[in-house]
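Just below is one structure, and these are the notes that go with it.
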Amino acid sequence: MKKIIITGGSGFLGTHITKRLLEIGGYEIVVMDIAPPRIKDNKVSFFKKNLLEPFELTADYLLLKNPYAIIHLSGKNINGRFTKEHKQLIYDTRVIGSRHLVDLISQPDYKPKHYICASAVGFYGDQPGEVLVESSERKNYYFLSDVVEAWEEQNLRAQEFGINVTCIRNGHIIGQGGILAEVASTFKFGIGSVLGNGKDYMPWIDIRDLVELYILCMTKETPSVVNGVSNTFETQSDFSRAIGQVKGTRLYLHIPQWLLTLRYGEFAREMLVDQQVYSDLYQEMNVSPKYSTMNDIIRFHLKK
Numbered sequence: 221m222k223k224i225i226i227t228g229g230s231g232f233l234g235t236h237i238t239k240r241l242l243e244i245g246g247y248e249i250v251v252m253d254i255a256p257p258r259i260k261d262n263k264v265s266f267f268k269k270n271l272l273e274p275f276e277l278t279a280d281y282l283l284l285k286n287p288y289a290i291i292h293l294s295g296k297n298i299n300g301r302f303t304k305e306h307k308q309l310i311y312d313t314r315v316i317g318s319r320h321l322v323d324l325i326s327q328p329d330y331k332p333k334h335y336i337c338a339s340a341v342g343f344y345g346d347q348p349g350e351v352l353v354e355s356s357e358r359k360n361y362y363f364l365s366d367v368v369e370a371w372e373e374q375n376l377r378a379q380e381f382g383i384n385v386t387c388i389r390n391g392h393i394i395g396q397g398g399i400l401a402e403v404a405s406t407f408k409f410g411i412g413s414v415l416g417n418g419k420d421y422m423p424w425i426d427i428r429d430l431v432e433l434y435i436l437c438m439t440k441e442t443p444s445v446v447n448g449v450s451n452t453f454e455t456q457s458d459f460s461r462a463i464g465q466v467k468g469t470r471l472y473l474h475i476p477q478w479l480l481t482l483r484y485g486e487f488a489r490e491m492l493v494d495q496q497v498y499s500d501l502y503q504e505m506n507v508s509p510k511y512s513t514m515n516d517i518i519r520f521h522l523k524k
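Position 271 (the sequence shown) corresponds to 491 in our numbering; numbering is contiguous.
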């Protein structure tokens, strides 16, 4: 049995990865989180840990020893008004939390073969009209891009200890929960909403494809940065109208940026960044997203 440690494993993505690993078989899973795992199974263990607190490097963490791979997903949900406190938590849970984790796995007893880290396409900033691949530079960026840069820097330190590190820059994750559930819940009485002018491109990926990408990176030598996206280009309007087809929406109301700013503050800018993100590395990794038709995928998850 290969030991897989999943930080933030009680969350949306971590729960799906845990479920898939149990289906494949041959793995014992340690969920490292402040909340217990949602999946109850004799192959799933729980290690309660707030990564804002450093590990005691002289301690003997038996449950964490000799991992085959670590999937590092831990981080405060970015959604919500960008208050000073919220921004600090977004930064600290990613950057400081990653620093503490890499400090631990630098020790031989806790060193994995593979270290796969969540990251985000927010790295690239607001770049209308540009196709953004893994080698693209960030431009016109705000707070979240700065966070992602510092986040990846901490995680890539693990390469110094001979660990294969892959940071997966996730797009919006489409599944039962997450952004789809949040947006779909606002569609009522035949009325739906579109953020901004609806023309901004939003990178996305189906949860099933993203889970398979994490597992692939957990089992093979993969590049240090990979875009976790569907490799298709859809706008905010496309997303809302795909939801509307399922919900029977007849009228769409555009929510202007000024109104979003009143509600979310700085976060409104981040919600409306325009990004056409593509993975240049899928071919060499032998990856091909199976779920890349937005309308069909949204119908599947909302009807399930």
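The beta-carbon is built from N, C-alpha and C at its ideal position, and this holds for glycine as well.
Have a look at residue i and residue j and give me their C-alpha separation to the nearest angstrom.
| i | j | result |
| --- | --- | --- |
| Glu243 | Ile225 | 17 angstroms |
| Leu277 | Gly234 | 26 angstroms |
| Val264 | Arg301 | 35 angstroms |
| Ser499 | Val446 | 7 angstroms |
| Val497 | Arg461 | 21 angstroms |
| Asp429 | Ala279 | 38 angstroms |
| His292 | Gln374 | 12 angstroms |
| Leu415 | Leu492 | 7 angstroms |
| Gly464 | Asp494 | 22 angstroms |
| Asn417 | Glu350 | 18 angstroms |
| Asn360 | Val507 | 30 angstroms |
| Phe453 | Thr513 | 10 angstroms |
| Leu501 | Leu436 | 13 angstroms |
| Lys419 | Leu364 | 21 angstroms |
| Ile475 | Ile394 | 21 angstroms |
| Glu369 | Tyr362 | 11 angstroms |
| Glu354 | Arg389 | 9 angstroms |
| Glu504 | Gly485 | 41 angstroms |
| Phe487 | Thr481 | 7 angstroms |
| Arg489 | Arg483 | 12 angstroms |
| Val315 | Leu471 | 42 angstroms |
| Pro509 | Gly448 | 10 angstroms |
| Pro328 | Asp312 | 26 angstroms |
| Met422 | Lys307 | 22 angstroms |
| Thr238 | Lys269 | 18 angstroms |
Give me the Cβ distance between residue i and residue j, rounded to the nearest whole Å; I'm assuming they're in contact under 8 angstroms.
| i | j | result |
| --- | --- | --- |
| Asp458 | Tyr511 | Incorrect: roughly 15 angstroms between the Cβ atoms, too far for contact. |
| Thr469 | Ile411 | 7 angstroms |
| His320 | Phe275 | 6 angstroms |
| Val431 | Arg240 | 5 angstroms |
| Val341 | Gly397 | Val341 to Gly397, Cβ: 19 angstroms. No contact. |
| Leu400 | His521 | 6 angstroms |
| Ser450 | Trp478 | The Cβ separation is near 30 angstroms, so there is no contact. |
Looking only at its chain, what residues have a beta carbon closer than 8 angstroms to the beta carbon of residue i, apart from the 5 residues adjacent to it on each side?
| i | result |
| --- | --- |
| Arg284 | Strictly speaking, residue 284 in this sequence is Leu, with Arg absent from that position. So the qualifying residues of the chain are Ile225, Val250, Met252, Phe267, Leu324 and Tyr330. |
| Ala378 | Val322, Ile325, Ser326, Tyr335 and Val385 |
| Glu372 | Cys337, Ser339, Phe343, Cys387 and Val445 |
| Glu273 | His320 |
| Val403 | Ser413, Phe459, Ser460 and Ile463 |
| Glu441 | Asn384 |
| Thr303 | Gly485 |
Spatial neighbours of residue i within its chain, please: C-beta separation below 6 angstroms, excluding the five flanking residues on both sides.
| i | result |
| --- | --- |
| Ser294 | Thr227, Gly228, Leu271 and Gly317 |
| Arg519 | Val466 |
| Leu473 | Ser413 |
| Ala289 | Ile224, Pro332, His334 and Met438 |
| Arg358 | Phe343, Tyr344, Gly345 and Ser365 |
Keeping to the same chain, check which residues put their C-beta closer than 7 angstroms to that of residue i; ignore five residues upstream and five downstream.
| i | result |
| --- | --- |
| Met221 | Gly246, Tyr247 and Glu248 |
| Thr406 | Ser413 |
| Ile310 | Lys296, Ile298 and Val367 |
| Asp261 | Leu242 |
| Ser230 | Val251, Asp253, Ala255, Pro256, Pro257 and Arg258 |
Which one or two residues does DSSP pair with residue i in a beta bridge?
| i | result |
| --- | --- |
| Asn390 | Ala340 and Gly448 |
| Asn384 | His334 |
| Tyr472 | Gly412 |
| Leu352 | Val497 |
| Ala289 | Ile224 and His334 |
| Leu268 | It is worth fixing the name first, because residue 268 is Lys in this sequence and not Leu. Asp253, per the DSSP bridge assignment. |
| Trp424 | His392 |
| Gly398 | Ile394 |
In this structure, does DSSP put residue i in helix, strand or coil?
| i | result |
| --- | --- |
| Val322 | helix |
| Thr455 | strand |
| Ile254 | coil |
| Val497 | strand |
| Ile259 | coil |
| Tyr281 | coil |
| Tyr484 | helix |
| Tyr247 | strand |
| Gly464 | helix |
| Gly234 | helix |
| Gln308 | helix |
| Arg301 | coil |
| Lys239 | helix |
Kindly say whether residue i, judged by its beta-carbon, lies nearer than 8 angstroms to any beta-carbon of chain B.
| i | result |
| --- | --- |
| Leu482 | The displayed structure is made up of one protein chain only, and chain B is not part of it. |
The ligand GTP and residue i: does any heavy atom of the ligand fall closer than 7 angstroms to the residue's C-beta?
| i | result |
| --- | --- |
| Leu364 | What this structure holds is no ligand at all, so the ligand GTP is not there to describe. |
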